[in-house]
Amino acid sequence: MSSFFSMSGADLTTDRLVLRPWTAGEVDAVLHGTRPAHWAADFPAEGDHVIAGLFAEHPAWLGEYGHRQIIERDSGLVVGSIGLFWPPADGTLELGYGIVASRRGRGYAPEATRALTEFALRAPGVHTVCAGVELSNPASIRVLEKAGFRRSHADAEANTARYVTTSPDRR
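Mapping the sequence shown onto full-length UniProt numbering, position 47 (from 1) lands on 47, and the numbers just tick up by one.
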């Protein structure tokens, strides 16, 4: 992976996106159905509601290596979210992501995934980032492949696959 993002405080910035940690106010807005002006019309998606509901049980998910909102640099609108399920287990972090329907097909998900993965692989004790995907979701499979992940195994019975990428010194 090449270094194509920059960090400003806790923000990760790519060519077209800013990955910014969730604020308590934004979590509260998702949980209570209020709509800040800086959200795309179709944000939050169902997955964002689920994740926001779990932050109280998993406060580390809001830390430096946790979940972030995906913001279009041009518009300043939140168009999705991406996150690492901290802490790592045996040097491995799980990654999850979602882009709202109105912004899909623009390459935002692979761009955000590459940036957060590169950042994660620099975290202390982390050497692998993985993601699970349903085999019936070819768009998500393409996101992971474009971001440099490779399929490690599939579970035909569950109709899922696991994708991984490792730090350069572990390849």
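The C-beta atom is built at its ideal place from N, Cα and C for all residues, glycine as well.
Original post:
Can you check whether the CB of A52 is closer than 8 Å to the CB of G96?
Top reply: Here residue 96 refers to the residue found at position 96 of the sequence shown. Here residue 52 refers to the residue found at position 52 of the sequence shown. In this structure, A52 does not lie closer than 8 Å to G96 by Cβ.
**OP:** Give me the Cβ distance between G83 and G63, rounded to the nearest whole Å; I'm assuming they're in contact under 8 Å.
**Re:** Along the sequence shown, one-based indexing puts residue 83 at 83. Along the sequence shown, one-based indexing puts residue 63 at 63. With 8 Å as the limit, G83 and G63 do not qualify as a contact, their Cβ atoms being about 11 Å apart.
Subject >> Alpha-carbon spacing of T13 relative to D42, whole angstroms >> reply: In the sequence shown, the residue the question calls residue 13 occupies position 13. In the sequence shown, the residue the question calls residue 42 occupies position 42. A straight-line Cα-Cα distance of about 22 Å links T13 and D42.
Original post:
So, R142 versus H153, is the Cβ gap smaller than 8 Å?
Top reply: Numbered from its first residue, the sequence shown carries residue 142 at position 142. Numbered from its first residue, the sequence shown carries residue 153 at position 153. No; because the gap between Cβ atoms is not below 8 Å, this pair is not in contact.
Subject >> Delimiting residues of the alpha helix (DSSP H) encompassing F85 >> reply: Looking up residue 85 in the sequence shown gives position 85. Note, F85: premise wrong, no alpha helix (DSSP H); beta strand (DSSP E) at 78-89.
Original post:
Helix, strand or coil: how does DSSP classify Y65 here?
Top reply: On the sequence shown, residue 65 is found 65 positions in, with the first residue counted as 1. If DSSP states are grouped into helix, strand and coil, Y65 belongs with coil.
**OP:** Report the rounded CA-to-CA distance for G47 versus V79, giving the unit in angstroms.
**Re:** In the sequence shown, the residue the question calls residue 47 occupies position 47. In the sequence shown, the residue the question calls residue 79 occupies position 79. Distance from the CA atom of G47 to the CA atom of V79, rounded to whole angstroms, is 13 Å.
Original post:
DSSP puts Y108 in a beta bridge; with which residues?
Top reply: If you number the sequence shown from 1, residue 108 lands on position 108. Per DSSP, none; premise fails for Y108.
Subject >> For G125, three-class secondary structure by DSSP >> reply: On the sequence shown, residue 125 is found 125 positions in, with the first residue counted as 1. Of the three classes helix, strand and coil, the one that applies to G125 here is coil, per DSSP.
Subject >> Residues bridged to W22 (per DSSP) >> reply: To locate residue 22, count along the sequence shown from 1; it is residue 22. Note: W22 sits in no beta bridge, so no partner.
Subject >> E57 (DSSP reduced to helix, strand or coil) >> reply: Against the sequence shown, residue 57 aligns to sequence position 57. E57: coil per DSSP, three-state reduction.
Original post:
Could you give the residue range of the alpha helix (DSSP H) that holds V143?
Top reply: Translated into the one-based positions of the sequence shown, residue 143 becomes position 143. Element bounds for V143: 138-146.
Original post:
In the DSSP assignment, what residue or residues form a beta bridge with L116?
Top reply: On the sequence shown, residue 116 is found 116 positions in, with the first residue counted as 1. DSSP, once it has assigned bridges, lists no residue as partnering L116.
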